[in-house]
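Working notes, structure below.
There are 2 protein chains.
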Amino acid sequence: MILCDIGNTNASFFDGRRVWNLTIDEFMAYEPTEKIYYINVNDKAEQKLLNHLFIDISSYIKLNSTYIGLGIDRAAVCYAINNGLIVDAGSAITLDLMANGCHIGGFIIPGISTTLKSLQNISPRLNLPLNTNIDLDCLPQRTQDAISYGIIKPIVSLISDFSSQKTIYFTGGDGEFLSKFFSQAIYDRMLIFRGMQRAINENKEILC
Amino acid sequence: MILCDIGNTNASFFDGRRVWNLTIDEFMAYEPTEKIYYINVNDKAEQKLLNHLFIDISSYIKLNSTYIGLGIDRAAVCYAINNGLIVDAGSAITLDLMANGCHIGGFIIPGISTTLKSLQNISPRLNLPLNTNIDLDCLPQRTQDAISYGIIKPIVSLISDFSSQKTIYFTGGDGEFLSKFFSQAIYDRMLIFRGMQRAINENKEILC
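Protein chains in written order, with the working numbering: chain C, 34 to 241; chain W, 34 to 241.
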């Protein structure tokens with residue numbers, strides 16, 4: 034069984050053993066040879082998904098939530114977890130709170146690379162690389178640190194505020210990096226596929 | 034006496050009574066008829082400033098700081114204040130801490146409109162206007178609020194963390210909006226000109 038999560042920049046595949054990525058352009062040229070169970074947030078990919086081997090499982094992700102317009106990728110990640118704060122750190126970072134299988138709410142902030150780029154676009158003087166070893170306990174004393182601190186500190190503070198002793202599940206490209214700032218953190222790059230797999234398991238008689 | 038602060042997008046003038054702005058393109062076509070005491074962070078404007086009526090006062094802003102490469106606009110704003118947290122909220126937001134006339138350090142985060150644009154660029158689904166009336170005490174339940182919360186909450190939390198009962202001086206385009214989240218806030222759109230004026234007053238015999 035192959036699962037596929039189609040995002041804004043990549044399509045990620047999982048065959049139960051390994052994960053691999055295609056860019057959206059590569060995905061548009063990809064021809065499936067077996068059933069692909071997918072979720073998609075990218076309007077550009079819709080035409081491609083008319084092939085009958087692509088099976089949309091979004092309606093089987095029955096997340097208990099009052100949130101209006103929750104992206105199906107966020108719903109899938111949350112569907113993998115019963116209790117805790119879920120941080121999906123990609124080009125955007127979503128923070129979602131789950132309690133007893135219910136989605137309590139969440140919000141969206143720009144991701145690390147997105148924020149760095151937005152600062153670089155303001156002025157060539159801010160066109161500096163991220164210092165990933167920044168000490169968050171000291172006020173910065175040079176521009177590179179001022180930017181790095183200004184990117185990482187708000188993210189870490191927000192996560193800290195919302196976790197309040199709950200387990201924090203990190204996923205996404207920057208999930209592993211951010212997880213290192215927290216003792217009660219679990220980094221799980223497969224979270225979205227676990228949520229998708231749960232939806233498929235609950236609907237085996239229809240889907241398989 | 035006319036003061037001028039040349040930034041990345043605008044040049045702001047102050048004649049002791051009123052403030053007015055020119056875009057950088059307008060500034061490049063502007064011909065001074067009297068002395069203009071300026072600070073500048075925009076490399077594009079350098080050529081224009083060769084006119085002898087433009088007087089660079091940056092070397093007279095003698096801020097006590099160990100920060101390496103502090104922008105002269107940040108230094109000028111800090112030079113106006115002896116004690117407190119200074120938040121200059123424009124396309125970037127700078128936070129700087131002053132204690133007994135010494136600059137303790139500071140950092141840089143993207144501004145409100147910069148962050149909104151960076152989210153909008155990630156996905157058309159995030160292309161939504163800011164909800165400026167967002168309730169920061171409730172977890173968002175729809176995408177527009179999730180974005181608005183994700184933009185405003187980290188800024189307000191950071192400022193709150195760093196102010197710790199100190200007076201917070203807000204300036205810049207979004208300064209007035211952000212100041213409303215704090216009881217110990219002073220909004221002063223003239224802060225940069227107050228710092229520049231202090232430097233001129235301290236060096237009257239040379240400059241005037």
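Ideal Cβ placement from N, Cα and C applies to all residues, glycine included. As the structure is a prediction and not an experimental result, all values here were calculated from the model.
Close-in-space but distant-in-sequence residues of the same chain around residue i (CB under 8 Å, 5 per side omitted)
{"i": "residue 74 of chain C", "result": "39, 40, 41, 104, 105 and 106"}
{"i": "residue 184 of chain W", "result": "145, 148, 149, 152 and 163"}
{"i": "residue 83 of chain W", "result": "none"}
Under 8 Å from the C-beta of residue i: neighbouring residues of chain W
{"i": "residue 191 of chain C", "result": "186, 187 and 190"}
{"i": "residue 125 of chain C", "result": "152, 155, 156 and 159"}
Contact under 8 Å by Cβ, residue i with residue j
{"i": "residue 96 of chain W", "j": "residue 111 of chain W", "result": "yes"}
{"i": "residue 172 of chain C", "j": "residue 163 of chain C", "result": "no"}
{"i": "residue 86 of chain W", "j": "residue 67 of chain W", "result": "yes"}
{"i": "residue 233 of chain C", "j": "residue 70 of chain C", "result": "yes"}
{"i": "residue 109 of chain W", "j": "residue 34 of chain W", "result": "no"}
{"i": "residue 126 of chain C", "j": "residue 159 of chain W", "result": "no"}
{"i": "residue 90 of chain W", "j": "residue 240 of chain W", "result": "yes"}
{"i": "residue 76 of chain C", "j": "residue 157 of chain W", "result": "yes"}
CB contact check: residue i to chain W, cutoff 8 Å
{"i": "residue 122 of chain C", "result": "no"}
{"i": "residue 105 of chain C", "result": "no"}
{"i": "residue 162 of chain C", "result": "no"}
{"i": "residue 198 of chain C", "result": "no"}
{"i": "residue 140 of chain C", "result": "yes"}
{"i": "residue 57 of chain C", "result": "no"}
Nonlocal neighbours in the same chain, by C-beta distance under 6 Å from residue i, ignoring five residues either side
{"i": "residue 61 of chain C", "result": "81"}
{"i": "residue 226 of chain C", "result": "36 and 47"}
{"i": "residue 165 of chain W", "result": "none"}
{"i": "residue 182 of chain C", "result": "167 and 173"}
{"i": "residue 186 of chain C", "result": "169"}
{"i": "residue 94 of chain W", "result": "108, 109, 112 and 232"}
{"i": "residue 212 of chain W", "result": "203, 218 and 220"}
Any non-hydrogen atom of the ligand SAM within 7 Å of residue i CB
{"i": "residue 41 of chain W", "result": "Here there are no bound small molecules, and the ligand SAM is not part of this structure."}
Beta-carbon proximity list for residue i, same chain, < 7 Å, skipping 5 on both sides
{"i": "residue 130 of chain W", "result": "118, 137, 138, 139 and 195"}
{"i": "residue 179 of chain C", "result": "173"}
{"i": "residue 63 of chain W", "result": "55"}
{"i": "residue 161 of chain W", "result": "176, 177 and 180"}
{"i": "residue 92 of chain W", "result": "none"}
{"i": "residue 65 of chain W", "result": "84, 86 and 87"}
{"i": "residue 49 of chain C", "result": "34"}
Chain C residues whose Cβ lies nearer than 8 Å to that of residue i
{"i": "residue 76 of chain W", "result": "157"}
{"i": "residue 194 of chain W", "result": "190"}
{"i": "residue 101 of chain W", "result": "174, 175 and 176"}
Euclidean distance between Cα positions of residue i and residue j
{"i": "residue 124 of chain W", "j": "residue 154 of chain C", "result": "10 Å"}
{"i": "residue 219 of chain C", "j": "residue 113 of chain C", "result": "13 Å"}
{"i": "residue 215 of chain C", "j": "residue 188 of chain C", "result": "12 Å"}
{"i": "residue 198 of chain C", "j": "residue 221 of chain C", "result": "18 Å"}
{"i": "residue 134 of chain W", "j": "residue 190 of chain C", "result": "28 Å"}
{"i": "residue 231 of chain W", "j": "residue 208 of chain W", "result": "22 Å"}
{"i": "residue 53 of chain W", "j": "residue 193 of chain W", "result": "31 Å"}
{"i": "residue 51 of chain C", "j": "residue 205 of chain C", "result": "16 Å"}
{"i": "residue 45 of chain W", "j": "residue 79 of chain W", "result": "16 Å"}
{"i": "residue 236 of chain W", "j": "residue 88 of chain W", "result": "13 Å"}
{"i": "residue 101 of chain C", "j": "residue 43 of chain C", "result": "25 Å"}
{"i": "residue 132 of chain C", "j": "residue 57 of chain C", "result": "34 Å"}
{"i": "residue 99 of chain C", "j": "residue 99 of chain W", "result": "50 Å"}
{"i": "residue 27 of chain W", "j": "residue 210 of chain W", "result": "No statement about residue 27 of chain W is possible, as the shown extent of chain W runs from 34 to 241 and does not include it."}
{"i": "residue 238 of chain W", "j": "residue 143 of chain C", "result": "49 Å"}
{"i": "residue 201 of chain C", "j": "residue 201 of chain W", "result": "33 Å"}
Residue i at chain C interface by Cβ criterion, 8 Å
{"i": "residue 96 of chain W", "result": "no"}
{"i": "residue 179 of chain W", "result": "yes"}
{"i": "residue 41 of chain W", "result": "yes"}
{"i": "residue 137 of chain W", "result": "yes"}
{"i": "residue 130 of chain W", "result": "yes"}
Contact set between residue i and chain C, taken where Cβ atoms lie within less than 7 Å
{"i": "residue 182 of chain W", "result": "140"}
Neighbour list for residue i in chain C, Cβ cutoff strictly below 9 Å
{"i": "residue 165 of chain W", "result": "The contacting residues do not exist; residue 165 of chain W stays about 16 Å from chain C at best."}
Proximal residues of chain W, C-beta to C-beta of residue i below 7 Å
{"i": "residue 147 of chain C", "result": "151 and 155"}
{"i": "residue 143 of chain C", "result": "148, 151 and 152"}
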